[in-house]
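Undergrad:
Protein chains: 2
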Amino acid sequence: MSETPLRADAARNRELLLDSAVRLFAARGPDAPLEDVAAAAGVGVATLYRRFPTREDLLLAVADRKMDAYEQVLRTAQAIADPWTAFASYVENFCAAQAADGRLADILTMVFPAAREFEARRMALYNGYLALVRDAQAAGALRADYSPEDLPVLLMANAGVLRATAETAPGAWKRFVAYMLQAFCASHQREDLPPAPTPRQMMRSMQQVTACHGRSAPDAR
Amino acid sequence: MSETPLRADAARNRELLLDSAVRLFAARGPDAPLEDVAAAAGVGVATLYRRFPTREDLLLAVADRKMDAYEQVLRTAQAIADPWTAFASYVENFCAAQAADGRLADILTMVFPAAREFEARRMALYNGYLALVRDAQAAGALRADYSPEDLPVLLMANAGVLRATAETAPGAWKRFVAYMLQAFCASHQREDLPPAPTPRQMMRSMQQVTACHGRSAPDAR
DNA sequence: GCGGATCTGGAGGATCTCCTCCGGTTGTTG
DNA sequence: CAACAACCGGAGGAGATCCTCCAGATCCGC
């Protein structure tokens with residue numbers, strides 16, 4: 014990831030900043046003041062800006078950190094023989110990871126187009142998920158009109174639930190996700206659905222989420 | 014609502030401010046700067062603070078304004094003979110009203126405990142909705158384990174979808190809501206759901222949403 | 001028309017967040 | 001060990017937002 018090797022103290026400070034950002038963003042949201050992130054890391058704010066020139070750079074580093082967990086969700090699902098159970102496990106565990114992220118629930122619906130390596134990881138994850146979808150549909154377990162874009166929409170919806178209920182009704186998301194999985198299940202005849210958003214639309218939506226937090230002002234208008 | 018009759022100019026300015034707030038909050042979110050609301054109304058910022066001492070006061074007035082539309086949604090649903098169609102109409106139209114509110118999608122999940130008249134209106138609406146739920150369940154059309162608290166959760170989820178997709182994939186919420194209605198429908202056998210949040214939990218969640226926007230700083234920590 | 005109460009608004013102060021400067025410090029290599 | 005480049009951080013500036021003051025203006029009832 015880093016092209017130029019950092020001095021030992023700089024590398025240490027970078028890790029401290031990243032640890033601090035993960036904690037602060039989870040506790041107070043992706044718009045927590047960067048001065049507080051630096052202070053919690055025990056370094057000066059100029060150090061933070063030197064290593065992460067923009068908030069979006071910091072968010073990207075945090076997202077990359079979390080990618081390990083999401084990849085594990087996929088591996089767990091891939092190890093399940095039953096296609097529906099594999100798919101459902103992926104969805105549930107993804108939402109559980111989102112719930113565990115605290116106020117950073119939006120991170121799962123952020124994209125960083127300029128970050129080649131990160132986006133490559135994200136695409137690999139997405140392709141793994143697509144295979145789960147195909148398998149579950151081929152097995153007749155997942156409704157034929159399910160669209161892969163339905164999952165990012167679900168994650169946006171779940172972020173909305175978590176934003177409102179994470180502290181006050183911490184189990185609410187589970188019921189919500191259970192409803193959604195039941196709706197996705199093909200085992201019953203169903204009415205037609207309105208059209209799914211296109212992948213392009215979803216990419217733009219995720220860019221919008223990122224832009225909303227990447228800039229200095231929360232609602233930058 | 015106002016106990017002391019305002020002078021004509023003050024009443025006029027209050028209406029201008031409210032109109033302006035409705036527009037600005039829809040376009041830029043409930044955290045749009047109050048100076049911009051005042052400027053768009055063509056009045057001074059002190060006039061805004063005199064009439065609406067806190068942002069929450071302004072949000073309350075905006076919510077009260079919108080109550081007319083929500084009450085119309087209930088009346089439309091109540092006029093429908095078929096219980097399932099009545100319930101589904103209520104949910105769909107409520108979500109449509111939410112989508113029409115632009116960046117003010119959270120308003121439907123805000124509460125103002127100190128505002129007796131507004132809360133009375135909200136309770137009347139909720140009781141009308143409860144009757145729709147009971148009728149649809151009694152008719153066997155709405156699943157027996159559906160909880161009235163599932164609708165506020167749905168509105169929070171929909172706010173999450175709208176927050177991310179309102180401009181980029183404006184129809185996404187429709188598909189999402191259609192999925193949810195299919196999940197609510199009793200016409201098929203279903204697995205058990207995780208427990209619903211309690212009314213108390215939902216009230217606290219809605220207070221949290223309100224607190225999040227009512228204070229001066231967007232994420233006031 | 002007058003008097004008095006209500007109302008007006010722009011400037012300025014306070015606070016918060018972002019961001020950069022630059023003299024001093026530290027790590028690394030030869 | 002010395003040289004040099006990388007690195008450090010707190011202060012201060014800029015901008016945004018919230019909030020209040022107070023002299024002047026306006027409305028309304030008698």
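Protein sequences appear in the order of chains A and B.
If you're matching positions, the first sequence starts at 14 in this note's numbering and goes up one per residue.
If you're matching positions, the second sequence starts at 14 in this note's numbering and goes up one per residue.
Virtual Cβ for every residue (Gly too), placed ideally from N, Cα, C.
On a predicted model such as this, the values are computed, not experimentally measured, just so you know.
When the Cα of residue 134(B) is compared with those of 59(B), 76(B), 22(B), 26(B), which residue comes out closest?
TA: As a first step, residue 134(B) is located in the second sequence; it is residue number 121 there, counting from the start. It is 76(B).
Undergrad: Do the CB positions of residue 189(B) and residue 112(A) come within less than 8 Å of each other?
TA: Position 176 of the second sequence, counted from the start, is the residue given in the question as residue 189(B). Position 99 of the first sequence, counted from the start, is the residue given in the question as residue 112(A). Their beta carbons are not under 8 Å apart, which means residue 189(B) does not touch residue 112(A) by this criterion.
Undergrad: Sort 216(B), 178(B), 128(B) by Cα distance to residue 224(A) and report the nearest one.
TA: For the purposes of this step, residue 224(A) is identified with residue 211 of the first sequence, where counting begins at 1. Among 216(B), 178(B), 128(B), the Cα nearest to that of residue 224(A) belongs to 178(B).
Undergrad: Counting only the same chain and skipping the five closest in sequence on each side, list residues whose C-beta sits under 8 Å from that of residue 62(A).
TA: Against the first sequence, residue 62(A) aligns to sequence position 49. Spatial neighbours of residue 62(A) in its own chain (CB-CB distance under 8 Å, excluding positions within 5 residues in sequence) are listed in chain order as 47.
Undergrad: Which residue or residues does DSSP assign as beta-bridge partners of residue 198(B)?
TA: Stepping through the second sequence from its first residue, residue 198(B) is reached at position 185. Answer by DSSP bridge pairing, in chain order: 155(B).
Undergrad: Are residue 115(B) and residue 39(B) touching if we call contact CB-CB under 8 Å?
TA: Here residue 115(B) corresponds to residue number 102 of the second sequence, with the count starting at 1. Here residue 39(B) corresponds to residue number 26 of the second sequence, with the count starting at 1. The answer is yes: Cβ separation under 8 Å.
Undergrad: Span of the alpha helix (DSSP H) holding residue 61(B)?
TA: For the purposes of this step, residue 61(B) is taken as the residue at position 48 of the second sequence. For residue 61(B), the enclosing alpha helix (DSSP H) stretches over residues 58 to 64.
Undergrad: For residue 27(B), I'd like the list of residues in its chain whose CB is within less than 7 Å of its CB, leaving aside the five on either flank, ordered along the chain.
TA: For the purposes of this step, residue 27(B) is identified with residue 14 of the second sequence, where counting begins at 1. Excluding positions up to five away in sequence, the list reads 19, 64.
Undergrad: Using the Cα positions of residue 212(B) and residue 25(A), report the straight-line distance between them to the nearest angstrom.
TA: The count along the second sequence starts at 1 and reaches residue 212(B) at position 199. The count along the first sequence starts at 1 and reaches residue 25(A) at position 12. Residue 212(B) and residue 25(A) have their C-alpha atoms spaced approximately 47 Å apart.
Undergrad: Can you list, in chain order, the residues of its chain whose CB lies under 6 Å from that of residue 60(B), leaving out five sequence neighbours each side?
TA: The residue labelled residue 60(B) in the question sits at position 47 within the second sequence. Residues 26 of the same chain have their beta carbon placed closer than 6 Å to that of residue 60(B), with the five preceding and five following residues left out of the count.
Undergrad: Which residue wins for smallest C-alpha separation from residue 105(A), given the options 123(A), 128(A), 184(A)?
TA: Residue numbering aside, residue 105(A) sits at position 92 when the first sequence is read from its first letter. It is 184(A).
Undergrad: Using a cut-off of 7 Å between C-beta atoms, extract the partners of residue 189(A) located in chain B.
TA: Here the question's residue 189(A) lines up with position 176 in the first sequence. Per Cβ cutoff of 7 Å: 166, 170.
Undergrad: Taking only beta carbons into account, state which residues of the stretch 194 to 206 of chain B come closer than 7 Å to chain A, listed in chain order.
TA: 195, 196, 201, 203, 204, 206
Undergrad: Find the nearest neighbour of residue 67(B) within the set 196(B), 34(B), 180(B), judged by alpha-carbon distance.
TA: One-based indexing of the second sequence puts residue 67(B) at position 54. Of the listed residues, the one whose Cα sits closest to residue 67(B) is 34(B).
Undergrad: Chain A partners of residue 181(B), CB-CB under 7 Å?
TA: As a position in the second sequence, residue 181(B) is number 168, starting the count at 1. Ordered by position in chain A, the residues that pass the 7 Å Cβ test against residue 181(B) are 214, 217, 218, 221.
Undergrad: Applying the 10 Å Cβ sphere with the 16-neighbour rule, what's the burial state of residue 218(A)?
TA: Looking up residue 218(A) in the first sequence gives position 205. By the 10 Å Cβ count, residue 218(A) comes out buried.
Undergrad: By the 10 Å Cβ neighbour count, where 16 or more other Cβ atoms means buried, how is residue 10(B) classified, buried or exposed?
TA: No statement about residue 10(B) is possible, as the shown extent of chain B runs from 14 to 234 and does not include it.
Undergrad: Tell me the DSSP secondary structure of residue 129(B) in three-state form.
TA: On the second sequence, position 116 is the one that residue 129(B) refers to. It is helical.
Undergrad: When the Cβ atoms of the stretch 90 to 98 of chain A are set against those of the stretch 145 to 155 of chain A, are three or more pairs found closer than 8 Å?
TA: yes
Undergrad: Three-state secondary structure (DSSP) at residue 124(A)?
TA: As a working mapping, residue 124(A) is identified with position 111 in the first sequence. In the structure shown, the three-state DSSP call for residue 124(A) is coil.
Undergrad: Residues of chain A with CB under 7 Å from residue 185(B), in chain order?
TA: For this step, residue 185(B) is matched to residue 172 along the second sequence. Under the 7 Å cutoff, chain A gives 166, 210.
Undergrad: Identify, in the order they occur along the chain, each residue of the same chain with its Cβ nearer than 7 Å to the Cβ of residue 206(B), setting aside the five sequence neighbours on each side.
TA: In the second sequence, counting from the first residue as 1, residue 206(B) sits at position 193. Contacts found: 158.
Undergrad: Which of the three DSSP states is assigned to residue 209(A) in this structure?
TA: The sequence position of residue 209(A) within the first sequence is 196, counting from 1. Note: residue 209(A) maps to coil in three-state DSSP.
Undergrad: Checking contacts by CB at 8 Å: is residue 32(A) closer than that to chain B?
TA: Locating residue 32(A) in the first sequence gives position 19, where the first residue counts as 1. No, residue 32(A) does not count as interfacial toward chain B.
Undergrad: Could you give the first and the last residue of the continuous alpha helix (DSSP H) run that contains residue 160(A)?
TA: The residue you call residue 160(A) lines up with position 147 of the first sequence. Per DSSP, residue 160(A) belongs to no alpha helix (DSSP H) and is neither H nor E.
Undergrad: Find the residues of chain B that neighbour residue 122(A), judging by a C-beta separation of less than 7 Å, and give them in chain order.
TA: For this step, residue 122(A) is matched to residue 109 along the first sequence. For residue 122(A), the chain B residues whose C-beta falls within less than 7 Å of its own C-beta are 177, listed in chain order.
Undergrad: Rounded to whole angstroms, what's the CA-CA distance from residue 226(A) to residue 69(A)? Just pull it up for me.
TA: On the first sequence, residue 226(A) is found 213 positions in, with the first residue counted as 1. On the first sequence, residue 69(A) is found 56 positions in, with the first residue counted as 1. Each residue's alpha carbon lies about 7 Å from the other.
Undergrad: Rounded to whole angstroms, what is the Cα-Cα separation between residue 12(A) and residue 129(A)?
TA: The structure shown does not extend to residue 12(A), since chain A is modelled only from 14 to 234, so the question has no answer here.
Undergrad: First and last residue of the alpha helix (DSSP H) that includes residue 96(A)?
TA: Here residue 96(A) refers to the residue found at position 83 when the first sequence is read from its first residue. Segment 96 to 113, the alpha helix (DSSP H) holding residue 96(A).
Undergrad: Just verifying my parser: in three-state terms, what is the DSSP assignment at residue 44(B)?
TA: As a position in the second sequence, residue 44(B) is number 31, starting the count at 1. Of the three classes helix, strand and coil, the one that applies to residue 44(B) here is coil, per DSSP.
Undergrad: Which one of 137(A), 80(A), 196(A) has the shortest CA to CA distance from residue 156(A)?
TA: Along the first sequence, read from residue 1 onward, the residue named residue 156(A) stands at position 143. If we check each option's Cα against that of residue 156(A), 196(A) comes out closest.
Undergrad: Where does residue 126(B) land, buried or exposed, given buried means 16+ other C-beta within 10 angstroms?
TA: Taking the second sequence and counting its residues from 1, the one referred to as residue 126(B) is at position 113. Per the 10 Å Cβ criterion, exposed.
Undergrad: Once you ignore the five residues that flank residue 145(B) on each side, which residues in its own chain have a CB closer than 7 Å to its CB?
TA: What you label residue 145(B) is simply residue 132 of the second sequence in a count that begins at 1. Cβ within range, chain order: 90, 99, 100, 103.
Undergrad: Quick check on residue 117(A): does DSSP put it in helix, strand or coil?
TA: The sequence position of residue 117(A) within the first sequence is 104, counting from 1. Helix at residue 117(A).
Undergrad: Under three-state DSSP, which class holds residue 67(B)?
TA: Walking along the second sequence from the start, residue 67(B) turns up at place 54. In the three-state reduction of the DSSP assignment, residue 67(B) falls in the coil class, being assigned neither a helical nor a strand state.
Undergrad: Tell me, to the nearest whole angstrom, how far the beta carbon of residue 56(A) is from that of residue 31(A); I am working on the premise that it is less than 8 Å.
TA: Position 43 of the first sequence, counting from 1, holds the residue named residue 56(A). Position 18 of the first sequence, counting from 1, holds the residue named residue 31(A). Actually they are not in contact, since the Cβ atoms of residue 56(A) and residue 31(A) sit about 11 Å apart, beyond 8 Å.
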